[in-house]
Structure formats: C-alpha cells, structure tokens
Amino acid sequence: MTLRVTNTLTGEKEPFEPRDPDSVLLYYCGLTTSDPPHLGHARGWVHVDVMARWLDHLGYDVHHVENFTDVNEKIVARVGEDGDSEASVARHYVGQVIEDMRSLNLGRAEVYPRVSEHVPEIIDLVERLVEQGHAYEQNGSVYFDVTSFEDYGKLSNQSVDDIESQGADTEGEKHHPADFALWKAGGVDPEDIAEHQHPEAAPAEEACQTAQTWDSPWGEGRPGWHIECSAMSMTHLDESIDIHVGGQDLVFPHHENEVAQSEAATGKQFAKYWLHVRLLETEEEKMSSSLGNYFTVADAVAEFGPDVLRTFLLSTAYTSRATYSNETVSEAEERWDRLSRGYERAVAACDDVDAYAKVTDKALRDAVDAARDDFEAAMNDDFNTREATTALLDLTAAVNTHVDGPDEYDYQGLRRAVETFEELGGDILGLSFGDDDSGDVSLAGDVVDLVLSVREQEREAGNYERADELRDELEALGVEVQDTDDGPTYRL
RNA sequence: AGAGGGGUGGCAGAGUCUGGUCCUAUGCAGCCGGCUGCAAACCGGCCUACCCGAGUUCAAAUCUCGGCCCCUCUUCCA
Numbered sequence: 001m002t003l004r005v006t007n008t009l010t011g012e013k014e015p016f017e018p019r020d021p022d023s024v025l026l027y028y029c030g031l032t033t034s035d036p037p038h039l040g041h042a043r044g045w046v047h048v049d050v051m052a053r054w055l056d057h058l059g060y061d062v063h064h065v066e067n068f069t070d071v072n073e074k075i076v077a078r079v080g081e082d083g084d085s086e087a088s089v090a091r092h093y094v095g096q097v098i099e100d101m102r103s104l105n106l107g108r109a110e111v112y113p114r115v116s117e118h119v120p121e122i123i124d125l126v127e128r129l130v131e132q133g134h135a136y137e138q139n140g141s142v143y144f145d146v147t148s149f150e151d152y153g154k155l156s157n158q159s160v161d162d163i164e165s166q167g168a169d170t171e172g173e174k175h176h177p178a179d180f181a182l183w184k185a186g187g188v189d190p191e192d193i194a195e196h197q198h199p200e201a202a203p204a205e206e207a208c209q210t211a212q213t214w215d216s217p218w219g220e221g222r223p224g225w226h227i228e229c230s231a232m233s234m235t236h237l238d239e240s241i242d243i244h245v246g247g248q249d250l251v252f253p254h255h256e257n258e259v260a261q262s263e264a265a266t267g268k269q270f271a272k273y274w275l276h277v278r279l280l281e282t283e284e285e286k287m288s289s290s291l292g293n294y295f296t297v298a299d300a301v302a303e304f305g306p307d308v309l310r311t312f313l314l315s316t317a318y319t320s321r322a323t324y325s326n327e328t329v330s331e332a333e334e335r336w337d338r339l340s341r342g343y344e345r346a347v348a349a350c351d352d353v354d355a356y357a358k359v360t361d362k363a364l365r366d367a368v369d370a371a372r373d374d375f376e377a378a379m380n381d382d383f384n385t386r387e388a389t390t391a392l393l394d395l396t397a398a399v400n401t402h403v404d405g406p407d408e409y410d411y412q413g414l415r416r417a418v419e420t421f422e423e424l425g426g427d428i429l430g431l432s433f434g435d436d437d438s439g440d441v442s443l444a445g446d447v448v449d450l451v452l453s454v455r456e457q458e459r460e461a462g463n464y465e466r467a468d469e470l471r472d473e474l475e476a477l478g479v480e481v482q483d484t485d486d487g488p489t490y491r492l
C-alpha cells in the first residue's frame, strides 16, 4: 500500500514518489516571529510533525526543515514591547515558538533556519535571477519579473492578467503589478509599520531605527518576504525537494512566488508536492468583545494539556478546515480519555496476568490486526489522522470488551494491543501512551490510595454517604474514582 | 469579479478521487438495558443524515448537468 497525498500543484491526490526512493526532503513554511503562536500555527506544526513521523515509519530517511521569518516589518512594529530591537523581539518569539513546540510534544526538525542568518544565500539567489534576466533593479530594490516566468500562476491557478486586472499597487517601480520584491532598498519606513503598530510599542520612528539592514550589490537593504524560503530550502535541503508544506493562506502569493523565483533560477522543479494545511477557524464570538478570537498555544497547553490538544488538532484531516470551539475541544478530550483509559486498562491487565498464560482471545487479536491495518490505510490515504485515531478507538473497544469479559486474559493479545497503542498512537500521533506523564504521582498517588482505602472501610461498614463524600472530594481535586471488581482504582 | 474549498444525523466529522462491501463510520449528546450500594468507567441495544432538481447506471452520499446556500484567498497571515 502506497502513500497518496493531495498536491496543490495538480489539485489531485496522487501517489507519493520521492525523488530518491529512500529519502524525503521536507520543508515547512514556519511563521513570522512577531506574535505569540496560536492554535492555528499549532495545527500546522502537529500535522507536519505527524507527516514526518509517518514518512519515517515508512522507512524514508526524512530531512525536515522548518524556518523562522525573523526579519519582517511586523516584528519592528513590536519593538519596545518584547525587546528593544527587531533582532531581540524576534529572538523573544523564536524562544516562545521553541517552547510551545516542545510543550506539544513535537519531534524535532533537523534544522530551524532563520532569515537573518541566511542573507548571503538570499543575495546569491537574487543575483542569479538578475543575471538571468528574471529580475531587475530599481532604485536599490530588486523585483522579480513575472512575465519572464512562463508558468507564473500555476500553483494558485491564476494568470498574470488576472492579477493585473485587480489593479495591484505598482509603487511606480515595478514593471508589472504582479512583480514582487526580492530585495528592498533601505530600512523600514515608519509608514510601513503603521498598521501593525501596537499601542505599547515604541514610537515608530524609534522602532525603525532598530530594523536590520544588510549590504548588497544594490546597496543597503532588506530581503523580500518570499525569497527567504527559496534560499533556505535550497541551502538546507536541495534546489529540488519532495514536499513543501504550509498553511492554505500561503498559496498565493507566497508559495506562488517561491515557485516562480526558484524555478526561474534553477530551471528545476522546486518542490514536487505542495501540501496545504487548511485553516483553523474559531467560532464567531461577536458578543464577547473582551476576548480575542484566538487562543495562544501556551494558554491552550496550560488549559488542556498536549494530548487533548494533539487529539483535537488531529481529529480533522489536514485537508479539511477545522473549527475551534468548546464543543470540538471537549469532544477531543473525550476521545483522548477513552483512548488513554483503554490503554491503561490493557497495561494493567497485562501486569495482572501470567506472561505464559495460554489463553487466546481471537476477537482481541483480530481487533489488533484490524486496528493496525486500518491505521496504516488511513495514514497512507493522505495522512488521514482522523481515521487513524478512529482505528485506535476501535481497538479500545476491543480491549474493553476483552478485559470486561468473563474469560481469562490473553496476555499475548493484550501485549500486542499495548504495543499498538504505543507504536501508532505514541510514536506516530505523538500522544503520550506509555510515557510517564505524571512523575509527581508517587507521593500524591500514595495519598490517593490512602484516601481510597479509608473509603473502602466506610463502604464495607455501609457508610455510603461518607464514602460518596470522599469520592466527590477526590473528584473535585481532579481524581476520578473507578470501582472495579478488583477494588477501587483512579485516574487523574 | 477571478480562483479555490464546501453543504452528510441534535453536534463534530470520516467516507466522494477509485459507484455496489454504506438500509454507512468514529466521538459527543439523547433513550433503553447490563454492571454498581449509588455513581463513574465499561459493555450491549436504540436513535437521527447524505442541500434541491434532473440525468447516467442493474446500482449514486459517491459520476454528469442545472439551481440554491456557505466559506477562503486575491500581495499581513500556518
């Protein structure tokens, strides 16, 4: 069974065939470090993370790069608030992103390149384009000439004429309205940041003083937005890569321009597969004016934890838009609870039975096989993480049935179920099966056990009121009491 | 206006490319039953949908045509 992916370039779901059968070059368009990352960013990260994990699982040698845009007017607009210069504001948010990524249990990409560290490569690429006649200089700025690239518009399915008819701003320097800047003369103008300026930030004049500039063959200036990704992708991967991923909102103009400038410069296909993560939408909250319409990653992790969040973000295929609301998150919470309970029951049952037990439960073992098959089929079908999770939920039902059943435990079957949760849910989906996610449980756990044993005494004595009180109080502390045939147990 | 994506049960959301396995998933909610001292968890059962119209077909949620409605992008944006 082969992997199939939806390619924006062709608009079709097609078999994935990397340039080199053994390795995959994967680039993800990261974010501009000018604001705290929000759940929409997290959605992209988590899906790319799972893609990379699955490609690795399929046996590819995955080279995974995610960039930071740390040179941008919007960052300058934050000077005085989160740092005293463009560079320090960017550093601040890069740190925040790294921290957020860790908190979401993201696997590490191979490289996290930054624009500010790749200006020489960017200049080289711009020079190449100028020499080849694909770009022209105008008052110290350099623009890409879209009419020089025949395929311009092939990614977003637009024609140069359409763009022209929109009456795009020409600024008097461009030959064609659709031409875009590769290199921008000078520093940052206070006017440029006016619309992004924060109330708490430093005055625009002052902030712009801290904007970074670099020397170039065209004089002092700053790189344009689109050229960076081409340069960094080529530097850290190759002139031609397998997969380029980004948010749906980047298709035009960002990715379109990347294709144009890269392919014009190299004469090679820039990326074979373009995958676009559709956007996360929030419910309309017109009435609650005090709240912003997005959750930061940090807030969301603090509130729900990484597993609920990952389950939520993976509960909708990346090719579909997702809605963030109380309902959708609490559904994810239930899904994760159900999965983790099932997993814990399987682990507990394993601990409870002789490894040499000869019992065989065919239904359980079939369910394990089915879950693995279904999971694989779902992931190979354009990384359908929703379906993949559903496969594990089906396994959960089988484990519950087996453990609840009257017969003895099937050790081997349970072991295989546990391994399936850990390998697929843990290693691929990045959920914490088998991780020790509660290191502080030892002492707290002893205390809970103590309370439970007191409660058992009360129950045996028939003092159910007192027993229920204890249960309610534990519940209020976040401890869920479960009475089983083998005595009480709990989960946090 | 141009381009793209959609409309599936009370909600969320797969399935549509590759028509039958779909009188249909999965989770939540609701109802009934089991288990329980009572709960929770868990199990079993039930419940409720393929936007409208036409067409192709032995067979359509899935393909074709027409309509209605929603959303996104069009040089800030993952």
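Mapping the first sequence onto full-length UniProt numbering, position 279 (from 1) lands on 279, and the numbers just tick up by one. Ideal Cβ positions, reconstructed from N, Cα and C, are used throughout, including at glycine. A quick note: this is a predicted structure, and the numbers were derived from the prediction, not measured.
In chain order, A346, A349 and C350 place their CB closer than 6 Å to the CB of L414, counting only its own chain and leaving out the 5 sequence neighbours on each side. With contacts defined by Cβ atoms closer than 8 Å, Y318 and H38 do not form a contacting pair. Assignment of beta-bridge partners to I243 by DSSP yields L26 and Y273. For V111, the secondary structure class from DSSP, reduced to helix, strand or coil, is strand.
Buried is the label assigned to Q412, since at least 16 other Cβ atoms lie within 10 Å of its Cβ. When the beta-carbon positions are compared, L106 and W45 come within less than 8 Å of each other. The C-alpha of V24 lies about 6 Å from the C-alpha of Y60.
Between the alpha carbons of V448 and A370 lies a gap of roughly 38 Å. Counting the other CB atoms within 10 Å of its CB gives T235 a total of 16 or more, which places it among the buried residues. With a beta-carbon spacing of about 14 Å, V71 and V126 fall beyond the 8 Å limit used to define contacts.
Taking 8 Å as the upper bound for CB-CB distance, T2 and K13 are not in contact here, some 12 Å apart. In the DSSP assignment, R222 falls within the unbroken beta strand (DSSP E) covering G221 to P223.
Under the DSSP assignment, P306 falls outside any beta strand (DSSP E), being part of the alpha helix (DSSP H) whose first and last residues are V297 to L314. Residue pairing for R4: DSSP places it in a beta bridge opposite P15 and D381.
With fewer than 16 other Cβ atoms inside 10 Å of its own Cβ, Y464 counts as exposed. Two segments are said to touch when three or more pairs of C-beta atoms, one from each, lie closer than 8 Å; by this definition the segment 329–339 does not touch the segment 371–385. Around V188, the same chain offers E73, V76, C208 and A211 as residues with beta carbons nearer than 6 Å, after the five sequence neighbours per side are excluded. Straight through space, the alpha carbons of A42 and G247 are spaced by roughly 11 Å. Annotation: the segment 152–237 contains the following complete segments of the beta strand (DSSP E) (minimum length 3 residues), in chain order: 180–185 and 221–223.
Beyond the five residues adjoining it in sequence on each side, V97 comes within less than 6 Å, by CB distance, of P37 in the same chain, given in chain order. It is roughly 15 Å from the alpha-carbon of P406 to the alpha-carbon of K362. Under the DSSP assignment, A317 falls outside any alpha helix (DSSP H); it carries neither an H nor an E label. The Cβ atoms of V48 and V245 sit closer than 8 Å to each other. E131 counts as exposed, since fewer than 16 other beta carbons sit within 10 angstroms of its beta carbon.
Per DSSP, the continuous alpha helix (DSSP H) segment holding H47 begins and ends at L39 to H57. Taking the CA atoms as reference points, D124 sits about 9 Å from A231. G221 and G140 do touch by the CB rule: their CB atoms are close to 6 Å apart, below 8 Å. For V481, the three-state secondary structure derived from DSSP is strand. The three-state secondary structure of V62, taken from DSSP, is strand. Annotated as distal: Y28 and I241, with beta-carbon spacing of 8 Å or more. Taking a C-beta distance under 8 Å as the contact criterion, L339 and G425 qualify as a contact pair.
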